[in-house]
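Residue numbers (this note's numbering): 3 to 317. The block underneath contains the structure these notes are about, expressed in structure tokens.
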Amino acid sequence: MASPRADSPADWIVGAHGMLGSAVTRAAEIAGHTVHLSHVPWGDPARAVEVLAADAQRILTLHDDVTLLWCAGAGVVATTPEMLAVEVETFRSFMTELDEAHLRHRESRVRVFLASSAGGVYAGSAAPPFTESTAPIALAPYGEAKLANEEAVRRLADHGVSVLIGRLSNLYGPGQDLSKPQGVISQLCRAQWQRSPMTMYVSLDTTRDYLFVGDAAQMVLAGSHLLSAEPDGTVVVKILASQAPASLALIIGELRRVSRRRAPIVVGTSPNARFQAKDLRFRSEVWPSLDHLASTPLPAGIHATLQNVSEGLRR
């Protein structure tokens, strides 16, 4: 006998062990949401799709209102095109499986949030600050992969799945994977704590938008709530950013002020530097009611990041 379907909405989070996914999971649980997590063997792409497809079938059998919050993604700007291609193909294959699962459960409302990269997709665009109206132009294979994922998720709308594509600016805060060559604030905090030089491959007047991960999680959940009020099959692109740009020089100065130490920095060269735009400022024109959730001041966010990094390095 089949289990009764739950009337309450459910959040299904993929990538819950990552920086954004863990923050979204905590926020959803604190808010009292019903949360499902997927434990995906990412090292085996075929098996990963099988696990995700089985989870889709199970969750859509249990609930008649499901929001998939896709926070997964191991790629960074320095990731090889071959590895990014595998990641994109895994996502595309799963989108096909999700579409088929939804067709088997047409009575269910399904929404998808996709975490994309504002920096990746606008790196080659002209005339910042960039908005949702700006034509996205990627510079690196990483940005091209993000645009490919966006294209794949949009296709779900043909069968009534609503989609929110969240183009996130530079995330920072507790939970950054320090083994990845990304997250300049966390990397600077590590260099500060270990007193080991960090090599900078771009000029100190390079401008970025830094979004505290806890604020990003609140924006993701609030955006998903707004999406639920839209007609089925709606696709929304929203830039999730602090909209308060900061140069690397400013970041280094704030870290010095917070830690009362000078950051050990050396200047170097890298072939990946050509993929780094000098000015990545953003101004969102979509769903402005979400923007106030980016409320953590940069000094407070840097302090929280420094504490988290130092605690991790003590272990």
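For every residue, glycine included, the Cβ atom is placed at its ideal position computed from N, Cα and C. These figures come from a predicted structure and were not determined experimentally.
Nonlocal neighbours in the same chain, by C-beta distance under 7 Å from residue i, ignoring five residues either side
i, result
"Gly185", "Tyr174, Gln178"
"Glu109", "Asp66"
"Thr307", "Tyr174, Gly175, Pro176, Ile187, Ser188, Cys191"
"Leu141", "Ala125, Gly126, Phe277, Ala279"
Short Cβ contact (7 Å threshold) for residue i with residue j
i, j, result
"Ile139", "Leu71", "no"
"Gly162", "Asp234", "yes"
"Glu89", "Glu287", "no"
"Arg113", "Ser164", "yes"
"Ala29", "Ala147", "no"
"Ile253", "Ala265", "no"
"Leu149", "Ala103", "no"
"Leu213", "Ala296", "yes"
"Met200", "Ala154", "no"
"Pro47", "Arg285", "no"
Contact set for residue i: own chain, Cβ-Cβ below 6 Å, skip 5 residues either direction
i, result
"Pro143", "Pro83, Leu86"
"Ala55", "Glu99"
"Met3", "In this prediction, Met3 has a pLDDT of 30, which is less than 50 and means its spatial position is unreliable; nothing more can be read from the coordinates."
"Val238", "Leu166"
"Pro43", "Arg49, Ala50"
Per-residue burial, residue i [other beta carbons within 10 Å of its own, 16 or more giving buried]
i, result
"Val79", "buried"
"Ile32", "exposed"
"Thr208", "buried"
"Asp13", "buried"
"Asp160", "exposed"
"Gly45", "exposed"
"Pro301", "exposed"
Close Cβ partners of residue i (< 8 Å) along its chain, the five nearest in sequence each way excluded
i, result
"Leu180", "Ser188, Gln189, Arg192, Val311, Gly314"
"Glu232", "Ser164, Val238"
"Arg258", "Arg264, Ala265"
"Thr36", "Ala8, Ser10, Pro11, Ala12, Asp13, His65"
Supposed contact pair residue j and residue i - C-beta distance, whole angstroms, cut 8 Å
i, j, result
"Ser261", "Asp211", "Wrong, their Cβ atoms sit about 23 Å apart, outside the cutoff."
"Arg169", "Ser118", "5 Å"
"Leu206", "Ala251", "4 Å"
"Ala279", "Ala125", "5 Å"
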